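First up is the structure itself, then whatever we jot down about it.
There are 2 protein chains.
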Amino acid sequence: MKKKKTTILDVASLANVSVATVSRVVNKQGGVKPRTEKKILEAIAELGYVRNAIARSMVRKETKTIGVLIPDITNPFFSRVISGIEREAVRRGYHTILSSSQDSEDIERNVLDNFLERGIDGLIITTSNEYGQHLERFMDSDIPVVAVDRQLHHYEVDTVLSGNREGAYEAIQHLTNQGFRKIAIIRGPQSTTPGLERYRGYKKALNDHGIDIVEEWIVDGDFGEESGYQAARTLYSLEDKPDAVFSSNNLMSMGALKAMNELQWEIGKDLGFIGFDDIDISTFHKPNLTMIARNMQHLGKVSFDYLRARMDDENEFKHKREYIMSPSLIIRDSSKRP
Amino acid sequence: MKKKKTTILDVASLANVSVATVSRVVNKQGGVKPRTEKKILEAIAELGYVRNAIARSMVRKETKTIGVLIPDITNPFFSRVISGIEREAVRRGYHTILSSSQDSEDIERNVLDNFLERGIDGLIITTSNEYGQHLERFMDSDIPVVAVDRQLHHYEVDTVLSGNREGAYEAIQHLTNQGFRKIAIIRGPQSTTPGLERYRGYKKALNDHGIDIVEEWIVDGDFGEESGYQAARTLYSLEDKPDAVFSSNNLMSMGALKAMNELQWEIGKDLGFIGFDDIDISTFHKPNLTMIARNMQHLGKVSFDYLRARMDDENEFKHKREYIMSPSLIIRDSSKRP
DNA sequence: ACCTAAAATGTAAACGTTTAGATTTTGTCG
DNA sequence: CGACAAAATCTAAACGTTTACATTTTAGGT
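These protein sequence lines map, in sequence, to chains A and B.
So in the working numbering, spot 121 of the first sequence is number 353, and the numbers just go up one at a time.
So in the working numbering, spot 320 of the second sequence is number 552, and the numbers just go up one at a time.
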């Protein structure tokens with residue numbers, strides 16, 4: 233026995249007023265006599281009226297909803313960023329529609345088309361392809377966009393990044409200070425900002441310290457765990473093994489550590505290690521792992537703040553803005569010289 | 233220079249047909265001549281028309297959106313469940329609105345009110361309080377609900393759970409088989425199904441094996457990391473220390489392990505250990521950790537499937553359904569008798 | 001009591017679809 | 001060629017708000 237939804241009309245007629253007046257009290261716009269307001273509030277309570285946000289969006293042309301599109305919720309980095317976004321969003325009366333792209337451009341395009349239909353008020357995205365043109369349709373729509381942790385080279389959008397180069401630089405510098413000279417890097421995809429910039433930081437640090445770059449010690453991964461695992465094995469198989477490894481992200485660190493573990497390639501004894509982004513393991517691993525950490529929740533919060541600035545007033549900033557959050561090197565034991 | 237959104241009307245007039253016909257081709261309902269269809273498709277392409285889902289929802293009275301409300305996205309358990317939900321949802325043409333309650337009843341109520349306004353088609357929830365009546369308003373709405381990992385004792389809703397008691401039982405049994413006799417438990421909140429049932433499994437296993445329950449070895453946590461940490465310290469401070477510890481969830485395991493680490497209370501030497509829900513650490517910790525694992529993605533998928541059954545046809549199942557997924561004990565080294 | 005400005009309330013159009021039911025077009029068959 | 005059923009298309013109402021503008025009520029001043 234489905235109960236009919238009660239509408240603003242029902243409330244109006246029960247309270248003996250017009251829908252306009254009801255609307256005014258529901259939206260707390262003031263300018264209605266206390267006595268009538270009371271009548272209306274009572275009617276609302278009696279009927280259990282709840283305003284229909286769909287109809288409201290229809291005329292208001294805003295949904296108070298933002299879309300969030302990231303590659304994978306399961307990655308602790310993203311789940312924390314999302315958490316930061318979501319927390320800030322509800323605080324501001326927005327809701328968050330979430331989709332993951334599994335790093336597929338096709339899925340990305342689909343999701344975005346869908347977001348478009350739904351009329352989200354803004355988008356926060358970590359794209360799978362920074363150079364892709366597949367966001368065209370969405371970008372045509374004038375809906376504000378913030379790119380987080382990745383850039384969108386073909387479009388002018390606000391961007392929230394971390395100090396990737398700087399973080400990596402600091403890590404490598406720290407390793408050299410400890411006396412490591414044969415430092416390998418497990419790189420992320422060079423088509424992504426974090427992948428590329430972290431590598432640049434690595435190169436620059438080595439250069440600045442007069443250490444030659446050895447091709448063999450540069451191996452590529454895709455930011456996934458398995459690729460970190462393979463990369464570590466590759467490095468181990470080398471005639472001339474590195475004496476330290478820098479891993480470009482959390483998942484690859486996990487994989488690499490797993491491999492090292494299996495190979496009995498011992499950090500602290502045979503090997504120094506630093507990874508970008510802290511992982512749960514770092515304080516359990518023997519020895520503890522030196523890591524580059526960043527406040528991911530905050531990254532999410534800032535992303536939303538940037539987006540909100542655009543949603544509230546699209547003319548507030550003429551040019552794209554860029555926020556860069558500095559990471560910090562947390563020195564533990566894995567970067568100590570044996 | 234904001235471009236005016238093009239509507240179905242624009243398309244209709246450009247293609248020289250009525251809106252009804254356009255609607256039919258947009259929705260692929262058939263019954264329109266190939267020639268007209270072509271005209272319409274061309275008009276759509278030319279104008280860059282995208283259908284307005286808000287208006288559509290308005291008349292269809294469905295949003296193709298489900299709400300997901302969990303305590304904390306950051307917990308790997310939930311992020312995996314969500315991932316499972318979301319994956320299945322998009323596959324079925326649904327979108328997912330996500331909110332976290334931070335285990336607060338007030339936030340839960342607020343979010344739910346909001347969900348109600350927005351007219352979600354269904355809800356998947358892990359409530360903060362299984363006995364709470366704070367869902368009243370939502371429950372009155374006839375929107376299908378699935379409870380996941382927790383029950384909703386005051387309402388008749390479909391529920392997706394894990395074999396909590398069974399999993400704990402198996403774990404404790406395994407410990408006893410290994411010769412442990414002084415087995416402690418770090419309990420979760422007894423007001424929650426996982427907290428309570430895992431404890432019940434613990435008790436039953438001890439009983440069945442003729443081992444007395446020792447009050448001292450039962451300590452309470454709140455499923456948070458800090459509480460696991462404190463619990464382990466409490467156990468360590470005991471005159472008569474346990475020789476094995478069972479931790480009721482992932483975060484508490486993390487905390488407990490941290491404490492044990494600090495206290496140099498060594499698993500594998502002084503102590504056996506098993507935790508409910510696998511954590512990243514388990515294969516890195518020395519010794520490797522025996523854990524009760526479950527397929528969280530699948531838990532999410534099933535939740536969505538249950539929900540969909542109700543959304544598609546609310547009369548398909550008269551009574552509430554309950555799904556219980558068996559976990560599996562992954563035996564590693566932390567449960568070996570020294 | 002009357003006038004007037006301000007305050008309160010009301011009226012009705014608009015938002016962009018979907019969909020019954022009405023109407024027109026098409027094609028087949030005698 | 002006309003009749004008729006089937007196929008294609010159209011018309012218009014409905015969905016539940018918000019809001020500009022119109023109208024009525026209120027209250028203060030004379």
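Using N, Cα and C, we set each Cβ at its ideal position, and we do this for glycine too.
Note that the structure is predicted; figures quoted are calculated from it, not measured.
DSSP-derived helix/strand/coil call for residue i
| i | result |
| --- | --- |
| S394 of chain B | strand |
| V377 of chain A | strand |
| F508 of chain B | strand |
| L483 of chain A | helix |
| D565 of chain B | coil |
| F347 of chain B | helix |
| I272 of chain B | helix |
| L407 of chain A | helix |
| V446 of chain B | coil |
| E554 of chain B | strand |
| F370 of chain A | helix |
| V282 of chain A | coil |
| P570 of chain B | coil |
| K237 of chain A | coil |
| V389 of chain A | coil |
| T515 of chain B | helix |
Contacts of residue i in chain A (Cβ-Cβ under 7 Å)
| i | result |
| --- | --- |
| S385 of chain B | Correcting the residue type first, residue 385 of chain B is His in the shown sequence and not Ser. Simply none; closest approach about 23 Å. |
| L467 of chain B | Simply none; closest approach about 19 Å. |
Amino acids of chain A, ordered along the chain, whose beta-carbon sits closer than 8 Å to that of residue i
| i | result |
| --- | --- |
| H327 of chain B | I329, S331, N346, R350 |
| S250 of chain B | None at all; the shortest Cβ gap to chain A is about 22 Å. |
| S315 of chain B | D304, I305, T306, S332 |
| R283 of chain B | E349 |
Within chain A, the residues that residue i reaches when beta carbons sit closer than 9 Å
| i | result |
| --- | --- |
| M486 of chain B | D512, F516 |
| V322 of chain B | S331, S332, I339, N342, V343, N346 |
| N493 of chain B | T515, F516 |
Under 7 Å from the C-beta of residue i: neighbouring residues of chain B
| i | result |
| --- | --- |
| S311 of chain A | I305, T306, S311 |
Spatially closest choice to residue i from the options, by CA coordinates
| i | options | result |
| --- | --- | --- |
| A400 of chain A | A:D544, A:F508, A:F536 | A:F508 |
| E498 of chain A | B:V343, B:M557, B:F516 | B:F516 |
| D304 of chain B | A:I556, A:T295, A:L438, A:I317 | A:I317 |
| K490 of chain A | A:E320, A:Q462, A:A247 | A:Q462 |
| I562 of chain A | A:S514, A:G351, A:H530 | A:S514 |
| I415 of chain B | B:Q383, B:L330, B:K436 | B:K436 |
| P559 of chain B | B:R542, B:L531, B:K552 | B:L531 |
| S479 of chain A | A:Y468, A:M523, A:D502, A:K473 | A:M523 |
| G460 of chain B | B:E471, B:V477, B:D472, B:E448 | B:V477 |
| A525 of chain B | B:L279, B:Q422, B:I511 | B:I511 |
| K296 of chain A | A:L344, A:E320, A:G325 | A:G325 |
| N361 of chain B | B:R369, B:Q383, B:M492, B:I375 | B:Q383 |
| S336 of chain B | B:V243, B:T328, B:H366 | B:H366 |
| D372 of chain B | A:H441, A:R540, A:G280, A:G263 | A:G280 |
| V322 of chain A | B:S315, B:I314, B:L344, B:A321 | B:L344 |
| I404 of chain B | B:E388, B:G433, B:Q422 | B:G433 |
| E188 of chain B | A:N482, A:K518, A:G487, A:M486 | Given a span of 233 to 570 for chain B in the structure shown, any question on residue 188 of chain B remains unanswerable. |
| N527 of chain B | B:I314, B:T239, B:N439 | B:I314 |
Residue i - containing alpha helix (DSSP H), residue span
| i | result |
| --- | --- |
| D242 of chain A | 240 to 247 |
| V322 of chain A | 308 to 323 |
| T425 of chain A | 425 to 440 |
| T359 of chain A | Run containing T359 of chain A: none; DSSP gives neither H nor E here. |
| L539 of chain A | 528 to 544 |
| T466 of chain A | 457 to 468 |
| T253 of chain B | 251 to 258 |
Span of the beta strand (DSSP E) around residue i
| i | result |
| --- | --- |
| S560 of chain B | 560 to 562 |
| V451 of chain A | 450 to 452 |
| S331 of chain A | 327 to 332 |
| R419 of chain B | 415 to 419 |
Where residue i meets chain B, residues with beta-carbon distance less than 8 Å
| i | result |
| --- | --- |
| I286 of chain A | I286, S289, M290, T295, R350, G351 |
| E318 of chain A | I305, L330, S331, S332 |
| K490 of chain A | T515, F516 |
Inter-stretch contact (C-beta, 8 Å, three-pair minimum) for the region 373 to 393 of chain A and the region 449 to 460 of chain A: no
Cβ contact check for the region 301 to 315 of chain B and the region 418 to 430 of chain B: 3 or more pairs under 8 Å: no
Validate contact between the region 349 to 367 of chain A and the region 275 to 289 of chain B using beta carbons, cut 8 Å, 3 pairs: yes
The region 403 to 417 of chain B touching the region 372 to 391 of chain B, judged by at least three CB pairs closer than 8 Å: no
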